[in-house]
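Below: the structure, in structure tokens.
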């Protein structure tokens with residue numbers, strides 16, 4: 001099967017599943033795919049409702065389930081995919097199964113079975129990577145939209161900080177912890193350095209929010225947290241892109 005025929009076949013599947021409400025009743029478009037391969041010389045090219053019989057006759061079967069195709073580019077060395085590539089290179093796999101999932105609840109939406117050939121080989125990985133990249137972009141855009149709406153509404157982007165807990169979208173004071181926060185600020189304003197504050201907290205047996213050891217960086221994080229002064233600075237960092245997810249400090253690049 002030529003490479004352009006494979007791409008055309010999957011484009012057809014994508015458009016059909018997005019438009020056919022028998023398969024897909026949600027407003028969210030195509031969400032992801034899982035792929036299964038098997039060997040069945042008796043399977044005719046094209047789609048067949050007798051897929052159970054076809055799969056039963058497969059001597060070699062390998063399933064790879066990625067409900068949203070997340071991480072295909074990063075995870076191509078996973079054991080399952082390595083086995084799959086080896087089976088493809090050895091011409092052991094001829095039956096390809098596409099399983100489409102709902103991206104929100106990961107439930108199965110539809111299945112399509114196709115006859116594949118040895119000519120597919122590793123070029124299929126390019127197709128899978130393209131699916132993964134597009135889905136990763138869609139997920140990233142959805143998350144950006146949600147975060148922007150949250151910022152516009154002035155909702156806190158943190159649920160845990162010493163002295164506060166987020167409840168019903170509002171930061172509420174935790175009295176016992178709030179006293180510790182006040183003490184830290186008062187000690188610092190009176191001229192006590194971070195190192196002395198750390199020693200005092202350890203001597204008092206005060207636990208950190210995570211239950212770990214007090215450090216100067218922990219105290220500095222509290223002293224420089226603008227939320228303790230009544231302000232709330234949002235979008236301090238941003239992701240460079242949806243693939244690397246590298247975090248950068250926002251100096252005004254993102255608004």
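In UniProt numbering, the protein residues as written are 1 to 255.
Glycine residues also receive a C-beta, built at the ideal position from the N, C-alpha and C atoms.
DSSP on residue i, reduced to helix/strand/coil?
i	result
residue 232	coil
residue 227	helix
residue 158	coil
residue 221	helix
residue 214	coil
residue 285	Any answer about residue 285 is impossible in this case: the structure gives the chain only from 1 up to 255.
residue 209	coil
residue 153	coil
residue 176	helix
residue 138	helix
Out of curiosity, what's the CA-to-CA distance linking residue i and residue j?
i	j	result
residue 98	residue 142	Reliability of the predicted coordinates at residue 98 is poor, the pLDDT of 48 falling under 50, and the value obtained from them is presented with this limitation in mind. About 24 Å.
residue 209	residue 223	15 Å
residue 181	residue 197	11 Å
residue 228	residue 239	26 Å
residue 191	residue 160	28 Å
residue 166	residue 158	7 Å
residue 193	residue 140	42 Å
residue 152	residue 144	12 Å
residue 218	residue 187	15 Å
residue 211	residue 148	32 Å
residue 183	residue 150	32 Å
residue 230	residue 249	22 Å
residue 146	residue 207	34 Å
residue 137	residue 247	16 Å
residue 214	residue 226	20 Å
residue 199	residue 162	18 Å
residue 178	residue 185	11 Å
residue 171	residue 195	29 Å
On the CB-based measure, 16 or more other CB atoms within 10 Å of its CB, does residue i come out buried or exposed?
i	result
residue 173	exposed
residue 251	exposed
residue 216	exposed
residue 221	exposed
residue 164	buried
residue 37	In this prediction, residue 37 scores a pLDDT of 37, lower than 50, which makes its location untrustworthy; the coordinate-derived value is nonetheless stated afterwards. Buried.
residue 202	exposed
residue 189	exposed
residue 237	exposed
How about residue i and residue j: do their beta carbons lie closer than 9 Å?
i	j	result
residue 169	residue 156	yes
residue 154	residue 232	yes
Across which residues does DSSP place residue i in a beta bridge pair?
i	result
residue 188	BP columns for residue 188 are empty, so no partner.
residue 171	166
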